[in-house]
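Scroll down for the structure; my scribbles are underneath it.
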Amino acid sequence: MKAFCDSSFDEKKGVAGIGIVVCDGQKRKVYSNWIVASSNNEAELFAIHLASILTEGKGIIYSDSQTAISYINNEIKDKPRTREQYIRHKMCEYWAYQIRRRGITVEKIKAHTSYFQTHLIGNRFADLAANEGRAKFYER
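Residues 1367 to 1506 (the numbering used here) are what the sequence shown spells out, left to right.
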């Protein structure tokens, strides 16, 4: 089982569309919605967390966000931050902890390439689903 995750963030409105594509053999299920988020990194991490629930902790989850993967791998260094940056950082740490707790495998996938490979096409589906999720917010 494979899952591809992406997010599309609107900084002005504080809203992110999230897209998840779960592939189980030849079956493909697409999830698209929006969430309130303080940063794109938080939305990416939430999408990965949601994918881990949808896949029941099985298989591999792919993301094009190196920052999200760095949070999951505990590779983000402490540095001076403003209060707002600190709150966003702590939210990302929270979601990364939830993902680590589930014991899933998260791998990096290159974003926005034009190669015709199933992995890359799955990532494009997730990107489109994230944009659709944001559109759902605007249409409400």
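Where a beta carbon is used, it is the ideal one built from N, C-alpha and C, also for glycine.
Since the structure is predicted, the reported quantities are computational estimates derived from the model, not experimental observations.
Helix, strand or coil for residue i per DSSP?
i	result
G1499	helix
G1383	strand
I1401	strand
D1493	helix
K1456	helix
R1467	helix
E1441	coil
Between the options, which lies nearest to residue i when the distance is taken from Cα to Cα?
i	options	result
W1400	E1408, V1381, C1389	V1381
I1414	R1468, L1494, R1506	R1468
Y1437	D1430, C1458, I1453, D1444	C1458
A1462	F1491, S1373, A1409, R1500	A1409
A1403	C1389, K1393, T1421, D1376	D1376
M1367	I1470, N1439, F1503, E1505	I1470
V1472	Y1397, K1395, K1456, K1424	K1424
N1407	N1439, T1433, A1417	T1433
Q1373	A1492, Y1504, D1444, I1435	Residue identity check: residue 1373 is Ser in the sequence provided, not Gln. Minimum Cα distance to S1373 is reached at A1492.
D1390	S1398, K1379, T1421, K1378	T1421
What residues match up with residue i in a beta bridge as DSSP calls it?
i	result
K1474	S1429
R1394	C1389
F1412	According to DSSP, which records beta bridges pairwise, F1412 is partnered with nothing at all.
S1373	I1384
K1378	Beta-bridge pairing links K1378 to no other residue.
K1368	C1389, I1426
Does the beta-carbon distance from residue i to residue j come in below 8 angstroms?
i	j	result
I1419	C1371	no
L1519	G1385	No answer is possible for residue 1519: the residues shown for the chain start at 1367 and end at 1506.
S1405	I1475	no
G1383	G1499	yes
A1369	V1396	no
H1455	R1449	no
L1411	I1465	yes
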